[in-house]
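Colleague: All residue numbers for the sequence shown refer to the UniProt record's numbering, where the first residue is 1 and numbers rise by one.
Glycine included, C-beta positions come from ideal geometry on N, C-alpha and C.
To start, I am sharing the structure in question, which I have written as structure tokens.
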Amino acid sequence: MSLPSEQTPNPPQPPPRSPKRAQEEDDNNRDPSEPASKRSRAASPSDDDEGTKETTAAMASATLETATAAQHANGAAPAEEPDETKTPAAPRTKMCGVCNEKEGKYKCTRCALPFCSVPCNKLHRENHPPDPEPTSKTPEPPAAPQPVAGARDPKNPFIALDDSDQLRYLFRRYPGLQTRLLDIIAATEPPPDAQGAGGSLNDMMRARATAAANPKKEQWTHDVGIRNGKEALRKARNEDGEVGEGVREYIELINHLVSQASADAEAEEVIRRRAAEKDAELIRRLMAEERG
């Protein structure tokens, strides 16, 4: 018969400890020479997880900054805004410039103001500012036609003296030449006592009375004036010095210009005559061809 086994008494259980008290006892039983970081890791088992999270966040931030810098370096275009369809605005109609209530269908002929009806037009015309008065300009008289250079009148060969540079040079060279020529012209004029004689009966009676008072004095006539002018010209041409030289050069220049003008006029007349003959011959040929 077996003996009942001797029961082993259970060891006494330690009283329950609170987590805070257990932590304090662990700190008291730990070696003081242990590093603080080790104690901190031992005390806080979740610190490793928190450090890992911080490292991951730092790496993610650095990656984001690198990607942003690369995007700016590559000149990436910003995101385009969505294209919004714009509805075109309806065209604005011109309102009446008088009542500003209705559409202006007509326009004022003076200022192009739009109006909508006859009453508005009437009101506008009554208040319309006056038109500026046109400035009256005195019409300028037409300029006289300038003579064509080189065109000479064959009936007046002395026209060549009007625009002669040689003649103007001669007057500049001899300042006293013009005065002497005026004296020669004065010799061809009647004397002062006969200049007032006209064609009336009183003038004729006065001229006869003067001739009767001086029977030896020659009465002035046109032929007498020409003869006196020739005598004055002969004396001036035969004078010595600068005056006589100027008169002689003047006579030579006049003869040269007049003869040249006459020759040019004759040449122009010959050319004109030949052209007329050619035109007449052409007309005769055309008429003959029409008949044939």
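Pull up the distance between the alpha-carbon of residue 150 and that of residue 264, whole angstroms please.
Modeller: Legend: pLDDT at residue 150 = 43, less than 50; position of this residue unreliable, value from coordinates given subsequently. Taking the straight line joining both Cα atoms gives about 10 Å.
Colleague: At which residues does the alpha helix (DSSP H) containing residue 117 begin and terminate?
Modeller: Premise fails: residue 117 is in no alpha helix (DSSP H) and is neither H nor E.
Colleague: What number of angstroms, rounded off, separates the C-alpha of residue 165 from the C-alpha of residue 205?
Modeller: Approximately 49 Å between the Cα atoms of the pair.
Colleague: Roughly how many angstroms lie between the CA atoms of residue 237 and residue 282, to the nearest whole one?
Modeller: Roughly 55 Å between the two C-alpha positions.
Colleague: Taking just the CA atoms, how far does residue 119 sit from residue 128?
Modeller: Cα to Cα, the separation comes out at about 14 Å.
Colleague: Hey, could you find the ends of the alpha helix (DSSP H) residue 278 is sitting in?
Modeller: Residues 241-291.
Colleague: For the candidate residues 113, 94, 163, 190, whose alpha-carbon lies nearest to that of residue 258?
Modeller: Considering only alpha carbons, the answer is 163.
Colleague: If you drop the 5 nearest sequence neighbours on each side, which residues of the same chain put their C-beta closer than 6 Å to that of residue 325?
Modeller: The question about residue 325 has no answer here: the residues shown for the chain are numbered 1 through 292.
Colleague: What are the partner residues of residue 189, as DSSP defines its beta bridges?
Modeller: Residue 189 pairs with nothing; no bridge assigned.
Colleague: Label residue 247 either buried or exposed according to how many other C-beta atoms from any shown protein chain fall within 10 Å of its C-beta, with 16 as the threshold for buried.
Modeller: Classification of residue 247: buried, given that the 10 Å Cβ count is 16 or more.
Colleague: According to the Cβ coordinates, are residue 108 and residue 100 closer than 9 Å?
Modeller: The answer is no: Cβ separation not under 9 Å.
Colleague: Residue 107 by DSSP, collapsed to three states: which one?
Modeller: Note: residue 107 maps to strand in three-state DSSP.
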